[in-house]
Ligand code: SF4
Ligand code: SF4
Ligand code: FES
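Residue numbers (this note's numbering): 8 to 322.
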């Protein structure tokens, strides 16, 4: 065990804990965007920074290991200012309307004013065609954005990178933290950086195996089941009316837990609990997207159970 001091309070943590772990231990959770318990920290969003005595720069609490005798401030003026600016940059350039409610709470908490950079600039063309180092001079009177068209190139999920905060979670989940497929990565530099398949090919031509693990970790709605996207477009997505039922995937013997999100007696998407110690929330294509047949088995309210089971056996 080691002792550190957080906002004047001495905390004992197990060696190997991060500053974020220590903060959470005493109920001082910090904002995080690129951090997820099931992925390796990549330290790219910098919204979790804290002030560490003796350190020239603020440090990311999600990945900085606690060391004996550290003295940390989580709510100093410097910390608040840094978080405010990070949130302003993100909210001025990215569509955060489907991000979790905690993001809106942080915008209020840190008095972020994304509108101070001016109105949003008109889209400047295809971000995927931009060349590294060829930055466009801006007028300074409008806020440039990451606006681009939604990519709909397969029947299973859509990619709306106007909502992407470049947190890298999808890249990690597609890569060595879960799927080991490496179908997507960050292309470009600076403001032109974006998530891309190799050579920006459409998803069906890429290495993607449609596990949907990238959708499972995306915090902003940039990656979304096509069924959810279409219901949202039709203004028929009503989360408050949906039920979520936990079940076990029947396709193989691993025993992945599935959460079926049902609206109007139809499964609209499938997620998996992150605290499941076998899968950590990750699935394969069958568990994630292989639910369509369930709709064809018949409505239990009107179809005899024997008939439903007989149809299930045929699949
Ligand atoms: S669906 Fe799976 S394989 Fe395809 S990009 Fe997402 S994480 Fe990678
Ligand atoms: S698509 Fe989602 S998960 Fe991937 S970097 Fe963008 S916000 Fe993060
Ligand atoms: S949550 Fe720590 S850098 Fe993103």
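Backbone N, C-alpha and C define an ideal beta-carbon position, used for all residues, glycine too.
Answer yes or no: the CB of residue i versus the heavy atoms of ligand 3, is any distance below 8 angstroms?
i, result
"residue 69", "yes"
"residue 55", "yes"
"residue 171", "no"
"residue 42", "yes"
To the nearest angstrom, report how far apart residue i and residue j are at their CA atoms.
i, j, result
"residue 266", "residue 294", "10 angstroms"
"residue 119", "residue 92", "7 angstroms"
"residue 79", "residue 143", "40 angstroms"
"residue 310", "residue 188", "41 angstroms"
"residue 81", "residue 241", "43 angstroms"
"residue 22", "residue 48", "18 angstroms"
"residue 249", "residue 271", "8 angstroms"
"residue 207", "residue 131", "18 angstroms"
Are there 16 or more other CB atoms within 10 angstroms of the CB of residue i, so buried, or fewer, so exposed?
i, result
"residue 191", "buried"
"residue 216", "exposed"
"residue 123", "exposed"
"residue 252", "exposed"
Pull the bridge partners of residue i from the DSSP assignment, please.
i, result
"residue 264", "255"
"residue 58", "80"
"residue 66", "57"
"residue 164", "232"
"residue 12", "17 and 78"
"residue 269", "250 and 274"
"residue 72", "25"
"residue 203", "192"
Within the same chain, show all residues whose beta-carbon is closer than 8 angstroms to that of residue i, passing over the 5 residues directly before and after it, in chain order.
i, result
"residue 255", "262, 263, 264 and 265"
"residue 133", "155"
Does ligand 2 have even one heavy atom less than 8 angstroms from the beta-carbon of residue i?
i, result
"residue 226", "yes"
"residue 164", "no"
"residue 178", "yes"
"residue 117", "no"
Using a Cβ-Cβ cutoff of less than 6 angstroms, which residues in the same chain neighbour residue i once the five nearest sequence positions on both sides are dropped?
i, result
"residue 127", "150 and 152"
"residue 232", "164 and 276"
Once you ignore the five residues that flank residue i on each side, which residues in its own chain have a CB closer than 7 angstroms to its CB?
i, result
"residue 43", "176 and 224"
Closer than 6 angstroms: residues whose CB approaches a heavy atom of ligand 4: For ligand 4, the structure offers nothing, since it holds only ligand 1, ligand 2 and ligand 3.
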